[in-house]
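The sequence shown finishes on residue 1489 if you use my numbering, and the numbering steps up by one all the way, no holes. Written below as structure tokens is the structure these notes are about.
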Amino acid sequence: PRTVSDGTSLLLDSRTAGDEPYMLAHNLKNVIVLVDKDRVKSGLLAIDKWKVDTLLLDDGLQYLHLKHRLDIVLVDRQAPFGNEFLLPRGTLREAPRNLRRASYIFITKSTGESNDVLVKRIRRYNRTAEIIECAHKPLYLQNVFTGEKVPLERLRDTFIGSISAIAAPESFEGALEKLGAYVDLAKRYIDHHYYTEAELISFIKRCIRRDLEMIVTTEKDSVRMPRLPDAKLKVPIYFLRVEIEILSGHESWEHCVARICKPQPLLPPERFFA
């Protein structure tokens, strides 16, 4: 297993760790972050070396070699079941009927409008899971290289460039426009793309020619960007810092957090595994 963070220090860069594990390790202080295809092996290491009492898996619903105390599933309100097909023909990792294994279901990208139709379909597969509606809430802009934080008001009536390598770039660009920015130039790469210095410099030059005031990317993209010499940074690059805002199901959310974070008696390692 690769140790991205031992709970006190970041031990790997984003290319070695992967962008998402690196971002988790950077944001979650005092949390051990491990990466391994064999989750049993990394789980045993966490228990043996750090005496953890909780293993939290990313994309863990379909990982059946570990016993699950609870399962959290995210359902995208904008495309809840993709094209209804499983990978590689579609975008689903599991069939919708397997929602029956979920303990909590988060409807993401909610707007505050009714989700009754979606909830009705979810209840066809799972009658007991607690359903929580949530949305991405922008907080501020942060300079990718200096860490300087800038209020969101800077985006209003500002012509900007957008660069991203995520699964749904149109959603990100739409969020910038909702904040009042004019996305005059948008560059998209495939999900998880690692940027080269030449790619960033080329995009900066295009933004200069259009007289754009700033470039905005996502936090996940920011950890995949190489450090640029100051002389090349003629246009500042910021990432949009967001957090999850709970819109409904607040009690269910608190219950979910309590179940994860409440200290549990240590079990013999063999009790963790199926």
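All C-beta atoms in this analysis are idealised placements derived from N, C-alpha and C, irrespective of residue type, glycine included.
In DSSP terms, what R1456 is bridged to: Against the sequence shown, residue 1456 aligns to sequence position 241. DSSP lists Y1355 as partners of R1456.
Status (buried if at least 16 other CB within 10 Å, exposed otherwise) for A1413: Position 198 of the sequence shown, counting from 1, holds the residue named residue 1413. Label assigned to A1413: exposed.
Alpha carbon of H1351 to alpha carbon of E1460, nearest angstrom: Residue 1351 sits at position 136 when you count from the first residue of the sequence shown. Residue 1460 sits at position 245 when you count from the first residue of the sequence shown. C-alpha separation (whole angstroms): 6 Å.
Which listed residue (F1418, H1283, L1226) has its alpha carbon closest to that of L1427: Locating residue 1427 in the sequence shown gives position 212, counting from the first residue. Looking at the Cα atoms, F1418 is the closest of the given residues.
Element boundaries [beta strand (DSSP E), containing L1239]: Taking the first residue of the sequence shown as 1, we reach residue 1239 at position 24. Looking at the DSSP string, L1239 is not in any beta strand (DSSP E); the run it does join, the alpha helix (DSSP H), is 1234-1242.
Backbone CA spacing between E1385 and Q1293 [nearest angstrom]: As a working note, residue 1385 is residue 170 in the sequence shown. As a working note, residue 1293 is residue 78 in the sequence shown. Rounded to whole angstroms, E1385 to Q1293 spans 12 Å at the Cα level.
Start-to-end residues for the alpha helix (DSSP H) that takes in I1375: As a working note, residue 1375 is residue 160 in the sequence shown. That residue, I1375, is in no alpha helix (DSSP H); its beta strand (DSSP E) goes 1374-1379.
Entirely enclosed alpha helix (DSSP H) segments - the segment 1249-1288, minimum 4 residues: Qualifying alpha helix (DSSP H) stretches, in chain order: 1254-1265.
The segment 1391-1409 contacting the segment 1429-1446, beta-carbon criterion three pairs below 8 Å: Using a C-beta cut-off of 8 Å, the segment 1391-1409 makes contact with the segment 1429-1446, since at least three inter-stretch Cβ pairs fall below that distance.
Secondary structure, beta strand (DSSP E): runs of 3+ residues fully inside the segment 1409-1451: For the segment 1409-1451, whole beta strand (DSSP E) runs of length 3 or above, ordered along the chain, are 1429-1433.
Separation of K1420 from I1320, as counted between CA atoms: Taking the sequence shown and counting its residues from 1, the one referred to as residue 1320 is at position 105. Taking the sequence shown and counting its residues from 1, the one referred to as residue 1420 is at position 205. CA-CA distance, I1320 to K1420, rounds to 44 Å.
C-alpha gap between L1270 and K1364, whole angstroms: The count along the sequence shown starts at 1 and reaches residue 1270 at position 55. The count along the sequence shown starts at 1 and reaches residue 1364 at position 149. One C-alpha to the other measures close to 33 Å.
Validate contact between the segment 1232-1250 and the segment 1446-1458 using beta carbons, cut 8 Å, 3 pairs: Contact between the segment 1232-1250 and the segment 1446-1458 is absent, because fewer than three Cβ pairs lie under 8 Å.
Residue(s) in a DSSP beta bridge with E1466: To locate residue 1466, count along the sequence shown from 1; it is residue 251. Per DSSP, none; premise fails for E1466.
Run of the alpha helix (DSSP H) containing F1387, from where it starts to where it stops: Here residue 1387 corresponds to residue number 172 of the sequence shown, with the count starting at 1. It spans 1384-1393 - the alpha helix (DSSP H) in which F1387 sits, taken as one unbroken run.
CB contact flag (P1216, D1268, <8 Å): The residue labelled residue 1216 in the question sits at position 1 within the sequence shown. The residue labelled residue 1268 in the question sits at position 53 within the sequence shown. One thing to note: P1216 has its Cβ no nearer than 8 Å to the Cβ of D1268.
L1333: first and last residue of the uninterrupted alpha helix (DSSP H) it sits in: As a position in the sequence shown, residue 1333 is number 118, starting the count at 1. That run of the alpha helix (DSSP H) goes 1331-1340.
C-alpha distance - L1370 paired with T1323, whole-angstrom precision: For the purposes of this step, residue 1370 is taken as the residue at position 155 of the sequence shown. For the purposes of this step, residue 1323 is taken as the residue at position 108 of the sequence shown. The straight-line gap from Cα to Cα measures roughly 24 Å.
Assigned exposure category for R1254 - 16 Cβ within 10 Å defines buried: The sequence position of residue 1254 within the sequence shown is 39, counting from 1. Around the beta carbon of R1254, a 10 Å sphere encloses 16 or more other beta carbons of the protein chains shown; the residue is thus reported as buried.
Rounded Cβ spacing between Q1495 and E1328 (contact assumed at less than 8 Å): Since the first residue shown for the chain is 1216 and the last is 1489, residue 1495 is missing from the structure and cannot be characterised.
Pair within 8 Å by beta-carbon distance, L1462 and S1318: Working through the sequence shown from its first residue, we reach residue 1462 at position 247. Working through the sequence shown from its first residue, we reach residue 1318 at position 103. No; because the gap between Cβ atoms is not below 8 Å, this pair is not in contact.
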